[in-house]
Amino acid sequence: MNHDKDIGNAIKQTRILIGPPAGEQFQDARGLGRIIYEKLKDNGNNIMQIDGITQEEDKFNNFLMRCTRTALHMRKEGFKPQDKITICTFNTLNSAVPLIASFFTGVIASAIDPTFSVDDCKYFLQMLKPKAIFVGSDSVDLIVKSLKESNLESKIIVFGPSNDYESLDNYLAPIDGEESFEPHDATNWKDTAMILFSSGTTGKPKGICLNHSYFVNFAQTTFFSERDRVLFFSSLYWVTQVGLTIANIFLGFIKVVYPRYDGPANFCKVAENCKLLTVFLPTPYLVDVTEYCRNQDITLHVKDIIVAGTPVTKKHLRLAAETFPNAKLLNCYGQTEVGAIAVYPRHENYVKSMEEKMFKVSCGKAARGTLLKITDLVTGETLGPYQEGEICVGGAYRMNGYYNLISPDTYDLEGFIRTGDIGYYDEDEYIYITDRCKEMLKYKSFPVSPSSIEDVLSRHPAVKHGVVIGVPHEVDGDHPIALVVLKDGVEIDPAEIKKFVDDKVDDRKRLRGGVKIIKDMPLSPTGKPDRRLLKNMVLNGGL
Numbered sequence: 012m013n014h015d016k017d018i019g020n021a022i023k024q025t026r027i028l029i030g031p032p033a034g035e036q037f038q039d040a041r042g043l044g045r046i047i048y049e050k051l052k053d054n055g056n057n058i059m060q061i062d063g064i065t066q067e068e069d070k071f072n073n074f075l076m077r078c079t080r081t082a083l084h085m086r087k088e089g090f091k092p093q094d095k096i097t098i099c100t101f102n103t104l105n106s107a108v109p110l111i112a113s114f115f116t117g118v119i120a121s122a123i124d125p126t127f128s129v130d131d132c133k134y135f136l137q138m139l140k141p142k143a144i145f146v147g148s149d150s151v152d153l154i155v156k157s158l159k160e161s162n163l164e165s166k167i168i169v170f171g172p173s174n175d176y177e178s179l180d181n182y183l184a185p186i187d188g189e190e191s192f193e194p195h196d197a198t199n200w201k202d203t204a205m206i207l208f209s210s211g212t213t214g215k216p217k218g219i220c221l222n223h224s225y226f227v228n229f230a231q232t233t234f235f236s237e238r239d240r241v242l243f244f245s246s247l248y249w250v251t252q253v254g255l256t257i258a259n260i261f262l263g264f265i266k267v268v269y270p271r272y273d274g275p276a277n278f279c280k281v282a283e284n285c286k287l288l289t290v291f292l293p294t295p296y297l298v299d300v301t302e303y304c305r306n307q308d309i310t311l312h313v314k315d316i317i318v319a320g321t322p323v324t325k326k327h328l329r330l331a332a333e334t335f336p337n338a339k340l341l342n343c344y345g346q347t348e349v350g351a352i353a354v355y356p357r358h359e360n361y362v363k364s365m366e367e368k369m370f371k372v373s374c375g376k377a378a379r380g381t382l383l384k385i386t387d388l389v390t391g392e393t394l395g396p397y398q399e400g401e402i403c404v405g406g407a408y409r410m411n412g413y414y415n416l417i418s419p420d421t422y423d424l425e426g427f428i429r430t431g432d433i434g435y436y437d438e439d440e441y442i443y444i445t446d447r448c449k450e451m452l453k454y455k456s457f458p459v460s461p462s463s464i465e466d467v468l469s470r471h472p473a474v475k476h477g478v479v480i481g482v483p484h485e486v487d488g489d490h491p492i493a494l495v496v497l498k499d500g501v502e503i504d505p506a507e508i509k510k511f512v513d514d515k516v517d518d519r520k521r522l523r524g525g526v527k528i529i530k531d532m533p534l535s536p537t538g539k540p541d542r543r544l545l546k547n548m549v550l551n552g553g554l
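Per our numbering, residue 12 is the first one in the sequence shown, and the count goes up by one each step.
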């Protein structure tokens, strides 16, 4: 069967892009718990993960033992399938233990990022009402206060020693039944295995119910081999960290564990000390690391730099390519509701023509198991190549729905999930993201793309980071305003930046709201500029 030919015919006939078929290697109707348990046993004495600070090595069999013990202790304490737990911790060698134990017991896990405010935590906890929360020692006060203000009595289990609450160390202690342990088998391949959340950068986050088949396909979408050493900074709040953890077990590569991104200098040390081959860098981190390495004349020996989370400009891709000539830059695209949407192939299959597409800021081709179409924003009509519209995604491997929320607008008439992202594809089926529907501004009824203004903004030599949002105007609708972080040591009149942009864009895109210089760019836990927070700060006089 010529799959490429079939894809071409399908595009011509239906204008739907079809990704490669989903792999069957790890499919097992008994669910994630069973698959992960067997793979951990198979991987045995091989190295699973390395602590990026201490270089301590953790092997698959030791990790399996800790997950098994935790699962047995949970069962002993009365945890049942469909009960809920939450994890709130920065990354450690043990941060994924409760997650895997939840798959072993049929308990549904979720995650909260440790950088959240009390109000954010209350919102998530009141939605889920977890039976227990596994908490990093740095986040105990946050969770205690959030539970108290929510009138919830979830059990607190602390990673590491604790005088006031039960420690995870107790769950890692030997327990009867280890030798005869059997993981929970799912009743249905489509049962909800975990609840994660939308990013919440433009509105309130929604609980996303993700099933067993979703994560199996997600893990197989990655292109790592046993030789790879991979680092991803975000906590388990982001689906890519969960997917990477599962892929780590399925594929047997080594995961480098580091608590959180804390600047380019420490990242470069970790990359060198742990012999990193692959790293995920959201765009703001990529800009940081590129500038630091250029200024310090540092050479990184990484093989692949995967850029994801927010759109990246041509300028920043070119600078990164010049700074890291031995690395391949892979601009990928996904969404929690549907997993990986568009990807590039692994390193050895990456050819010159793909690099040319990437420098045009393509995020690759439709991912494994994915159906994709572009629809007209007004009529819903399916569009062809180079026609810009909303990206809609279908296929078997996607969310079950939102937790306790009916959202009919999420789906189009053909059952495709509406991503809220605007983009197009070219004649070779490469996909390009141009904006977010929810981030689009309206100036005198004309749609204005913030990312198109941000692209111009990024070209100014003084600008390190820039985000454009809209401030309401009673007549015009939205007036674009730019919030800018300057490069280190640079001083400039904001009016100069405004003139630089206004001279290069059409009238409706001019920065009528002005330019404000800010010290730091507030980011969501997933490394995206927090547009909702920025807009609230502007409207409430905080900037």
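Every residue gets a Cβ at the ideal spot worked out from N, C-alpha and C, and that includes glycine.
Compute the distance between the beta-carbons of residue i and residue j, then report whether it is under 7 Å.
{"i": "Gln346", "j": "Thr294", "result": "no"}
{"i": "Phe135", "j": "Ala82", "result": "no"}
{"i": "Leu522", "j": "Pro491", "result": "yes"}
{"i": "Leu544", "j": "Pro533", "result": "yes"}
{"i": "Cys132", "j": "Ser157", "result": "yes"}
{"i": "Asp489", "j": "Tyr454", "result": "yes"}
{"i": "Leu311", "j": "Ala282", "result": "yes"}
{"i": "Ala473", "j": "Ile428", "result": "no"}
{"i": "Ala338", "j": "Thr301", "result": "no"}
{"i": "Leu297", "j": "Val313", "result": "no"}
{"i": "Gly320", "j": "Thr126", "result": "no"}
{"i": "Ile154", "j": "Cys99", "result": "yes"}
{"i": "Asp446", "j": "Ser462", "result": "yes"}
{"i": "Ser121", "j": "Ile206", "result": "yes"}
{"i": "Asn555", "j": "Lys266", "result": "The question about residue 555 has no answer, for the chain in this structure spans 12 to 554."}
{"i": "Asn42", "j": "Ala197", "result": "Contrary to the premise, residue 42 reads as Gly rather than Asn in this sequence. Yes, the pair counts as a contact, with Cβ atoms nearer than the cut-off."}
{"i": "Ser418", "j": "Lys326", "result": "no"}
What separation, rounded to the nearest whole angstrom, lies between the Cα atoms of residue i and residue j?
{"i": "Asp17", "j": "Cys279", "result": "Reliability of the predicted coordinates at Asp17 is poor, the pLDDT of 46 falling under 50, and no value is obtained from them."}
{"i": "Lys70", "j": "Lys371", "result": "41 Å"}
{"i": "Met12", "j": "Val250", "result": "Note on Met12: pLDDT 38, under 50, position unreliable in the model; the coordinate value appears next. Met12 and Val250: Cα-Cα distance of roughly 33 Å."}
{"i": "Arg26", "j": "Asp437", "result": "12 Å"}
{"i": "Gly375", "j": "Phe234", "result": "14 Å"}
{"i": "Lys527", "j": "Thr334", "result": "29 Å"}
{"i": "Ala204", "j": "Asn57", "result": "27 Å"}
{"i": "Val435", "j": "Val479", "result": "In the sequence under discussion, the amino acid at residue 435 is Tyr, which differs from the Val named in the question. Their Cα atoms are separated by approximately 22 Å."}
{"i": "Tyr269", "j": "Leu554", "result": "32 Å"}
{"i": "Asn415", "j": "Phe208", "result": "13 Å"}
{"i": "Thr238", "j": "Ile257", "result": "It is Arg, not Thr, that sits at residue 238 in the sequence shown. Near 17 Å, if we compare the C-alpha coordinates of Ile257 and Arg238."}
{"i": "Val290", "j": "Tyr272", "result": "12 Å"}
{"i": "Ile119", "j": "Met138", "result": "14 Å"}
{"i": "Thr324", "j": "Val467", "result": "9 Å"}
{"i": "Ile46", "j": "Gln38", "result": "8 Å"}
{"i": "Pro32", "j": "Tyr408", "result": "11 Å"}
{"i": "Leu328", "j": "Ser373", "result": "11 Å"}
{"i": "Ala21", "j": "Ala377", "result": "Annotation note: pLDDT 45 at Ala21 (below 50); position unreliable, no value reported."}
In this structure, how does DSSP classify residue i when only helix, strand and coil are distinguished?
{"i": "Ile309", "result": "coil"}
{"i": "Asn10", "result": "As shown, the chain starts at 12 and ends at 554. That puts residue 10 outside it, with no answer to give."}
{"i": "Thr324", "result": "coil"}
{"i": "Met12", "result": "With a pLDDT of 38 at Met12, under the threshold of 50, the predicted position of this residue should be treated as unreliable, though the coordinate-derived value follows. Coil."}
{"i": "Thr100", "result": "coil"}
{"i": "Tyr48", "result": "helix"}
{"i": "Ile18", "result": "Model confidence at Ile18 stands at a pLDDT of 41, short of 50, so the residue's coordinates are unreliable and nothing is read from them."}
{"i": "His471", "result": "coil"}
{"i": "Val459", "result": "strand"}
{"i": "Ile433", "result": "strand"}
{"i": "Ile11", "result": "A query on residue 11 cannot be resolved here, the shown segment of the chain reaching from 12 to 554 and no further."}
{"i": "Lys140", "result": "coil"}
{"i": "Val404", "result": "strand"}
{"i": "Lys453", "result": "strand"}
{"i": "Gly552", "result": "coil"}
{"i": "Leu183", "result": "coil"}
{"i": "Arg240", "result": "strand"}
{"i": "Leu43", "result": "helix"}
{"i": "Gln346", "result": "strand"}
Please check if any C-beta of chain C sits within less than 7 Å of the C-beta of residue i.
{"i": "Glu302", "result": "Looking at the structure shown, chain C is missing, and only one protein chain is on hand."}
Could you tell me how far apart the beta carbons of residue i and residue j are, in whole angstroms, since I believe they sit closer than 8 Å?
{"i": "Pro322", "j": "Ile444", "result": "6 Å"}
{"i": "Thr79", "j": "Phe192", "result": "5 Å"}
{"i": "Ile464", "j": "Val512", "result": "7 Å"}
{"i": "Pro109", "j": "Ile123", "result": "The Cβ separation is near 13 Å, so there is no contact."}
{"i": "Ile433", "j": "Gly400", "result": "7 Å"}
{"i": "Tyr344", "j": "Lys217", "result": "Not confirmed; about 20 Å, so no contact."}
So is the beta-carbon of residue i under 6 Å away from any non-hydrogen atom of the ligand GDP?
{"i": "Pro533", "result": "Although the ligand GDP was asked about, the structure shown includes no ligands whatsoever."}
Contact the stretch 214 to 226 vs the stretch 386 to 404: 3+ CB pairs below 8 Å | no
Give a yes or no on contact between the stretch 137 to 153 and the stretch 230 to 244, applying the rule of three or more CB pairs nearer than 8 Å.
-> no
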